[in-house]
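Worksheet: the structure to be examined is printed underneath.
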Amino acid sequence: MNITSLGEILPLSSDKKTLLFLARWRRRTGGADREVLLSDMGLDVEFLLAHLMRRHIVEAIINHRKLIADGTQWKHSNEEWRPLNLQTPTALEKLKEEMSALNLTTFNQYCKDPCFVRLTATMISFARLCIPHTQAAMKLYSQELYHPIVDSITELLRSVTQSITKSMTEVKDQEKVKIVRRSAKFLASDLIPAVNKIIKEKTGKDPRSIQELLRNFLQSFPS
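Numbering (the numbering used here), first residue to last: 30 to 252.
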């Protein structure tokens with residue numbers, strides 16, 4: 030599944046009425062970026078635009094989250110629980126650089142020379158999508174959007190933690206069980222904390238729903 034970026038989805042979510050309103054407003058103000066009043070409507074334009082766009086922003090974030098979650102769950106349903114073979118050392122080095130750029134700084138511990146990652150392709154793909162999704166959502170952040178954004182990110186993480194937890198009870202082959210547990214470790218020790226950090230840096234507070242999700246996830250796994 031080719032999942033587009035959140036930034037590409039957002040412009041498509043605006044309906045015709047909103048676009049028409051924006052066009053009329055810009056003609057009326059000469060395109061000026063300033064606060065004006067519509068005397069005939071008795072509404073502050075800046076306030077009205079914020080509420081018009083709020084629904085579209087939330088819809089875009091939720092739709093993009095569903096795309097990632099659905100794609101990941103489909104991959105999990107066909108998961109063979111094998112380490113990722115990147116074929117060449119160069120490809121492994123490029124992946125290490127990519128993960129480092131996503132602030133997954135401890136990713137190297139999951140790598141094995143010459144070209145293996147001791148995680149599945151599904152888990153790597155999810156990390157590549159989850160971090161950019163969180164970063165893009167935080168660029169749209171406002172205090173009014175805190176709960177819709179954080180709740181959506183929490184649900185995205187939950188979709189994967191549930192799949193991992195389910196696999197732990199279903200997978201019987203001991204070598205595959207090791208990969209399931211390693212995937213759980215990657216989620217709990219690396220990916221979820223990285224998402225938490227992105228949100229905290231932007232909002233100034235730890236997202237409780239994500240911390241609760243992490244606690245429940247850790248409790249679901251036998252030590």
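Cβ coordinates follow ideal geometry from the N, Cα and C atoms, glycine included.
Collapsing the DSSP output to three states places C140 in a strand. For L124, the enclosing alpha helix (DSSP H) covers residues P118 to A130. Here the region 106 to 119 lies against the region 201 to 213, with 3 or more beta-carbon pairs under 8 Å apart. Per DSSP, reduced to three states, the secondary structure at L113 is strand. When only Cα atoms are considered, L133 and N225 end up about 12 Å apart. The region 81 to 96 makes contact with the region 171 to 189: 3 or more CB pairs, one atom from each, lie closer than 8 Å.
Around the Cβ of S196, a 10 Å sphere holds 16 or more other Cβ atoms; the residue is buried. If you ignore the 5 residues before and after V189, its C-beta comes within less than 7 Å of the C-beta of T101, F155 and L216, all in its own chain and listed in chain order. Spanning the alpha carbons of I193 and I228 requires a straight line of approximately 23 Å.
The C-beta separation of L158 from V87 comes to about 19 Å, leaving the pair out of contact by the 8 Å criterion. Around the beta carbon of T198, fewer than 16 other beta carbons sit within 10 angstroms, so the residue counts as exposed. By the neighbour-count definition (other C-beta atoms within 10 Å, threshold 16), D99 is an exposed residue.
A direct Cα-Cα distance of roughly 25 Å separates K168 from S218. Where E241 is concerned, the enclosing alpha helix (DSSP H) starts and stops at R237 to Q248.
In this structure, the CA atom of L247 is about 33 Å from the CA atom of Q116.
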